[in-house]
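Accompanying notes for the structure given below.
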Amino acid sequence: MRRRLGNADQAEDLAHDTFIRLLSSERIPATLTEPRAFLTTVAQHLVSNHWRREKLERAYLDALAQAPQAVHWSPEDRAIVLETLLELDRLLDGLPALVRQAFLLSQLEGHTHAQVADALGISIPTVKRYLVKALQRCCFADLSFTG
């Protein structure tokens, strides 16, 4: 992990998170034939999630920097918005890429169904199906923040 992250402290934090996740998980197979491989897979998923969160945070901070100066967000407001974006990312994780893209274009960027269909090269009824799928994921998910 240290090599992939380039930061010993982050590697230690993610290693700790890996073991916490394993110890608190109910989905560990009863007969684990390759525990090291399983541990490596969990760690790789956590590293991927870490990179995705960092990318989302950078994009959010870039968007804030480009906002008009009249818009001033308190540190608390920024933290709440960032936490909400990370939770949304967690909720959409696992959906097919086109479903996730359709949802983000529609809900975050304000595109119409026709614009989403054109951007993704799909039909408007397919856009509607994708949006329903994404909204169901958001509405029926456990909304407790895992931060």
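Using the UniProt record's numbering, the letters of the sequence shown map in sequence onto residues 1 to 147.
Backbone N, C-alpha and C define an ideal beta-carbon position, used for all residues, glycine too.
From a predicted model like this one, the values you see are computed outputs, not experimental measurements.
task = Consult DSSP for W51 and reduce its assignment to one of helix, strand or coil.
result = Translated into positions along the sequence shown, residue 51 becomes position 51. Correct three-state label for W51: helix.
ask   = Between V99, F140 and K133, which lies nearest to A119 when the distance is taken from Cα to Cα?
value = Mapped onto the sequence shown, residue 119 falls at position 119. Cα-wise, what sits closest to A119 is V99.
query = Cβ atoms of R137 and L85: under 9 Å apart, would you say?
reply = Here residue 85 refers to the residue found at position 85 when the sequence shown is read from its first residue. Here residue 137 refers to the residue found at position 137 when the sequence shown is read from its first residue. In this structure, R137 does not lie closer than 9 Å to L85 by Cβ.
message = Mapping the DSSP letters down to three states, classify T33 as helix, strand or coil.
response = Taking the first residue of the sequence shown as 1, we reach residue 33 at position 33. If DSSP states are grouped into helix, strand and coil, T33 belongs with coil.
key: F19 (DSSP reduced to helix, strand or coil)   = The count along the sequence shown starts at 1 and reaches residue 19 at position 19. Reduced to three states, the DSSP call for F19 is helix.
ask   = Residue range of the alpha helix (DSSP H) that D89 falls in?
value = For the purposes of this step, residue 89 is taken as the residue at position 89 of the sequence shown. Start and end: P75 to L92.
task = Report the rounded CA-to-CA distance for K133 versus S123, giving the unit in angstroms.
result = As a position in the sequence shown, residue 133 is number 133, starting the count at 1. As a position in the sequence shown, residue 123 is number 123, starting the count at 1. Straight-line Cα distance between these residues: approximately 15 Å.
message = Considering only the alpha carbon of each residue, which of V127, I20, H72 and V42 lies closest to H113?
response = Indexing the sequence shown from 1 puts residue 113 at position 113. Of V127, I20, H72 and V42, the residue nearest in Cα terms is V127.
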